[in-house]
Amino acid sequence: MKVIKEITGPLRENCYLVVSEAGTAVIVDPGDDGPMLIEKIKGLGLTLKAILVTHTHYDHIGAVDMLRAEFNVPSYVPKGELEMIQDKISNLSGIYAGRKISAEADIAVEDKERLDFGDGLVFETLLVPGHSPYSICYYMKDCGCVFTGDTLFRQGVGRVDLYEGPKTDLLNNIKERLLILPEETVVYAGHGLNSTIGMEKSNNPYLSEEGFWLL
Numbered sequence: 062m063k064v065i066k067e068i069t070g071p072l073r074e075n076c077y078l079v080v081s082e083a084g085t086a087v088i089v090d091p092g093d094d095g096p097m098l099i100e101k102i103k104g105l106g107l108t109l110k111a112i113l114v115t116h117t118h119y120d121h122i123g124a125v126d127m128l129r130a131e132f133n134v135p136s137y138v139p140k141g142e143l144e145m146i147q148d149k150i151s152n153l154s155g156i157y158a159g160r161k162i163s164a165e166a167d168i169a170v171e172d173k174e175r176l177d178f179g180d181g182l183v184f185e186t187l188l189v190p191g192h193s194p195y196s197i198c199y200y201m202k203d204c205g206c207v208f209t210g211d212t213l214f215r216q217g218v219g220r221v222d223l224y225e226g227p228k229t230d231l232l233n234n235i236k237e238r239l240l241i242l243p244e245e246t247v248v249y250a251g252h253g254l255n256s257t258i259g260m261e262k263s264n265n266p267y268l269s270e271e272g273f274w275l276l
């Protein structure tokens, strides 16, 4: 299994192509630069199976519909954010991008689902709200990696000041849902560098006992 990172858009969002040895692939959070992503997928001769969305802020969804149309594949979107992906205020595009950015959601995903796209492309969904109302992380046990969107970063966590949704605690959710994964699990975050669960348990200042005061 190979993971290819492509940095997209003005906010330098990390989009990931997860590629099997058979040449099939799943794309996670195609945030922008659709033509570039299409060229990349075709250039590598990949067969795209699905689009996974961790959360529906505009910088993570900007190329979803272009890829859906080009490759005739479904988008998987957190069930609690099906309206948000279409709304320019709640997905923040109308506030920060100056225009409406939206996408279609084909399949709604919830916590603790198993998504099997064949050829070892198997993901477990982990609900980790707090940055957005229903953020989903996609864990690949056999690959030893997790795609965290904007919940967990290298030595950081997602913003909570833009959050609108049911009362929750991002830090506790990260500790209870992500930090229980094996320490060698690679963290592929929505922005910035890769990390591991072990590194974040040891070095992430937000996840220390005093971390609450940093948010």
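Numbers 62 to 276, taken from my numbering, label the letters of the sequence shown in order.
Every residue, glycine too, gets a C-beta built ideally from N, C-alpha and C.
- Item | Residue from I65, D167, T108 and P71 whose Cα sits closest to the Cα of D180 | Numbered from 1 along the sequence shown, position 119 holds the residue referred to as residue 180. The residue from I65, D167, T108 and P71 with its alpha-carbon nearest to that of D180 is T108.
- Whose C-beta lies closer than 8 Å to the C-beta of E74 among residues of the same chain, with five residues either side of it excluded? Indexing the sequence shown from 1 puts residue 74 at position 13. Same-chain partners within the cutoff: I68, D90, G92, D93, D120, H121, G251 and H252.
- Taking Cβ positions, are G248 and T186 nearer each other than 8 Å? Taking the sequence shown and counting its residues from 1, one reaches residue 248 at position 187. Taking the sequence shown and counting its residues from 1, one reaches residue 186 at position 125. Note on identity: in this sequence residue 248 is Val, with Gly being the wrong assignment. No, these two residues do not count as a Cβ contact at 8 Å.
- Query: Would a C-beta distance cut-off of 8 Å place G205 and N234 closer than the cut-off?
  - Reply: Locating residue 205 in the sequence shown gives position 144, counting from the first residue. Locating residue 234 in the sequence shown gives position 173, counting from the first residue. No, these two residues do not count as a Cβ contact at 8 Å.
- Task: Compare the C-alpha of A166 against each of S193, Y199, L143 and R175 and name the closest.
- Result: For the purposes of this step, residue 166 is taken as residue 105 along the sequence shown, with counting starting at 1. For the set S193, Y199, L143 and R175, the Cα lying nearest the Cα of A166 is the one of L143.
- Message: If I follow the unbroken beta strand (DSSP E) through P96, where does it start and stop?
- Response: Walking along the sequence shown from the start, residue 96 turns up at place 35. Careful: P96 lies outside any beta strand (DSSP E), inside the alpha helix (DSSP H) at G95 to G104.
- Query: Terminal residues of the continuous alpha helix (DSSP H) containing L188?
  - Reply: For this step, residue 188 is matched to residue 127 along the sequence shown. No alpha helix (DSSP H) holds L188; the beta strand (DSSP E) holding it covers V183 to L188.
- State the DSSP-derived secondary structure class of L213, mapped to helix, strand or coil. Start at 1 with the first residue of the sequence shown, and residue 213 comes out as number 152. In the structure shown, L213 falls within a strand segment according to DSSP collapsed to helix, strand and coil.
- Message: According to DSSP, simplified to helix, strand and coil, what is L72?
- Response: Against the sequence shown, residue 72 aligns to sequence position 11. DSSP, reduced to helix, strand and coil, places L72 outside both helices and strands of the structure shown, so it counts as coil.
- Any idea which residues DSSP pairs M201 with across the strands? Working through the sequence shown from its first residue, we reach residue 201 at position 140. Beta-bridge partners assigned by DSSP to M201: C206.
- Identified DSSP bridge partners for P139: Counting from one through the sequence shown, the residue named residue 139 turns up at place 78. For P139, the beta-bridge partners assigned by DSSP are V170.
- How many angstroms separate the CA atom of C198 from the CA atom of P96? For the purposes of this step, residue 198 is taken as the residue at position 137 of the sequence shown. For the purposes of this step, residue 96 is taken as the residue at position 35 of the sequence shown. In a straight line, the C-alpha of C198 is about 26 Å away from that of P96.
- Message: Give me the DSSP bridge partner(s) of S256.
- Response: What you label residue 256 is simply residue 195 of the sequence shown in a count that begins at 1. For S256, which the question treats as bridged, DSSP gives the partners V248.
- Message: Going by C-alpha to C-alpha distance, which of L213, D203 and G155 sits closest to E261?
- Response: Counted from its first residue, the sequence shown places residue 261 at position 200. Comparing Cα-Cα distances from E261 to each of L213, D203 and G155, the minimum goes to L213.
- Count the other C-beta atoms from every protein chain shown that fall within 10 angstroms of the C-beta of P17, then say buried if there are 16 or more, exposed otherwise. This structure leaves residue 17 out entirely; the chain is present only between 62 and 276.
- Query: Is Y224 helix, strand or coil by DSSP?
  - Reply: Stepping through the sequence shown from its first residue, residue 224 is reached at position 163. Of the three classes helix, strand and coil, the one that applies to Y224 here is coil, per DSSP.
- Query: Among K140, I168 and L72, which has the Cα closest to the Cα of Y195?
  - Reply: Within the sequence shown, residue 195 is the residue found at index 134, counting from 1. Nearest of K140, I168 and L72 to Y195, Cα basis: K140.
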